[in-house]
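Please read the structure below before turning to the comments.
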Amino acid sequence: MTGFGVGKAEDDLHCVRAEIRSVNHRGLSVRTNLPPECAIFEPAVDAAVRSSVTRGAVTCSVVLEPLAEAPDGSRSPLDIDEAAFVRHAKTLRDLADLAGLRAPRFETILALPGVSRKVDRVPPPEELVLAATRAALSDLDASRAREGALLTRELLTYLDRLESSLMGIEQRVPAVVAAYEERLEQRIVDFLARHGQTVDSVDVLREVALYADKVDVKEETVRFRAHLDEFRRLLGTDRDGDSPSDTTARSVGRRPEFLSQELLREANTIAAKSGDVLVAREVVEIKATLDRIREQGQNLE
-8 MTGFGVGKAE DDLHCVRAEI RSVNHRGLSV RTNLPPECAI FEPAVDAAVR SSVTRGAVTC
52 SVVLEPLAEA PDGSRSPLDI DEAAFVRHAK TLRDLADLAG LRAPRFETIL ALPGVSRKVD
112 RVPPPEELVL AATRAALSDL DASRAREGAL LTRELLTYLD RLESSLMGIE QRVPAVVAAY
172 EERLEQRIVD FLARHGQTVD SVDVLREVAL YADKVDVKEE TVRFRAHLDE FRRLLGTDRD
232 GDSPSDTTAR SVGRRPEFLS QELLREANTI AAKSGDVLVA REVVEIKATL DRIREQGQNL
292 E
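Quick note on numbering: the sequence shown equals residues -8 to 292 in our numbering.
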């Protein structure tokens, strides 16, 4: 699942910003980008990400903002001795006036010894880095949850299509079985007549009923509907589209893929047993819908 999260943590000396991006990926891939000062914390950051995310290609970037503050409150990497700056500026300005030269430039004074020094960045504590990472992960979870809700609605639409096709098959099955029984009965009667044999009609009906079971797909349709109901429960809804009261957020893992395989297996069996053109058309629609479900199901976590 795709998503983006930002987190920030500060103390008196440090400001740590973490950004986490996630894109769709079949498994879990984690990449961390930390400044040299925080390289020692990379295993801890990696572990924090893996404990929160189970699928996707995830990139976690940690940035340290400069430590010192300028008088206007903005961040500055320099520590400036204001008294030394004023003293050197006055001296140079007096010399410039004496020599008839232009006043010295700001950066010239700033480069003089003792006026400024670059602040060495002190590594922040590990807990501060992890706090920023956890805040970013929380923001990422909210982003992924929004996408998950959209994916769930789309998958439920596909499940409704599957149920519509299943209902079409169920309505067609009685006619398929009746037509098969009629053809089978007529073939038995014709066969016996060709060989000059007679048989009790009850015996014929018994044999017809026995072989007619071969085209009856009642068991397959029952299992197909059971898989549909399980898929809906997995997505947090029941057959009517309502959310069960005991549903809690959880990782769906590879269960959508497994259920898609089971639905496809039942559909293939239905097509093979019925041998009916209209049923076959519904099965083609089922397969096309299952392809879309498998594609979107890989993005769920």
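Glycine included, every Cβ here is placed at the ideal spot set by N, Cα and C.
From a predicted model like this one, the values you see are computed outputs, not experimental measurements.
Look at the alpha carbon of residue i and the alpha carbon of residue j, and state the distance between them as a whole number of angstroms.
i, j, result
"Val208", "Ile261", "6 Å"
"Lys278", "Gln188", "47 Å"
"Val268", "Ile160", "11 Å"
"Lys205", "Leu255", "19 Å"
"Pro116", "Gly288", "40 Å"
"Val77", "Ser129", "48 Å"
"Glu176", "Gly266", "18 Å"
"Gly227", "Val243", "10 Å"
"His5", "Pro247", "45 Å"
"Pro114", "Ala127", "20 Å"
"Gly(-6)", "Leu141", "13 Å"
"Lys81", "Leu92", "14 Å"
"His16", "Arg41", "14 Å"
"Val213", "Ala263", "16 Å"
"Pro62", "Arg283", "At Pro62 the pLDDT is 45, less than 50, meaning the model places this residue with poor confidence; the figure from the coordinates comes in the next sentence. Near 59 Å, if we compare the C-alpha coordinates of Arg283 and Pro62."
Taking 8 Å as the limit between beta carbons, can you name the residues of its chain near residue i, skipping five residues before and five after?
i, result
"Ser20", "Gly47, Ala48, Val49"
"Asn259", "Val274"
"His218", "Leu250, Glu253, Leu254, Glu257"
Three-state secondary structure (DSSP) at residue i?
i, result
"Gly47", "strand"
"Arg84", "helix"
"Val106", "coil"
"Ala0", "strand"
"Arg144", "helix"
"Thr99", "helix"
"Phe23", "The amino acid occupying residue 23 in the given sequence is Thr; Phe does not appear at that position. Strand."
"Leu55", "strand"
"Ala9", "strand"
"Gly159", "helix"
"Gly(-6)", "strand"
"Val14", "strand"
"Asp63", "Residue placement at Asp63 cannot be trusted, given a pLDDT of 48 that sits under 50; the coordinates are not used to answer."
Among the residues of its own chain, which have a CB less than 6 Å from the CB of residue i, if the five just before and after it don't count?
i, result
"Asp94", "In the sequence as displayed, the identity of residue 94 is Ala instead of Asp. Arg84, Ala87, listed in sequence order."
"Leu101", "Ser107"
"Ile71", "Ser107"
Mind checking whether residue i and residue j have CB atoms under 9 Å apart?
i, j, result
"Glu73", "Arg8", "no"
"Leu157", "Phe215", "yes"
"Ser52", "Glu10", "yes"
"Asp3", "Thr23", "no"
"Glu211", "Glu154", "no"
"Arg144", "Ala39", "no"
"Val44", "Ser13", "yes"
"Val168", "Val270", "no"
Excluding sequence positions up to five away, which residues of its chain have a Cβ less than 7 Å from the Cβ of residue i?
i, result
"Ala75", "Gly105, Val106"
"Leu281", "Ser251, Leu254, Leu255"
"Leu119", "Ala0, Asp2, His5, Val7"
"Ala35", "Glu117, Leu121"
"Arg285", "Glu248, Ser251"
Query - Touching by the beta-carbon criterion (3+ pairs, under 8 Å), the region 139 to 149 and the region 17 to 36 - result: No, because fewer than three Cβ pairs between the region 139 to 149 and the region 17 to 36 fall closer than 8 Å, the two stretches do not touch.
Query raised in the report: Given 8 Å as the limit, is there contact between the region 121 to 137 and the region 249 to 269, that is, 3 or more CB pairs closer than that?
Result: Result no; under three Cβ-Cβ pairs closer than 8 Å.
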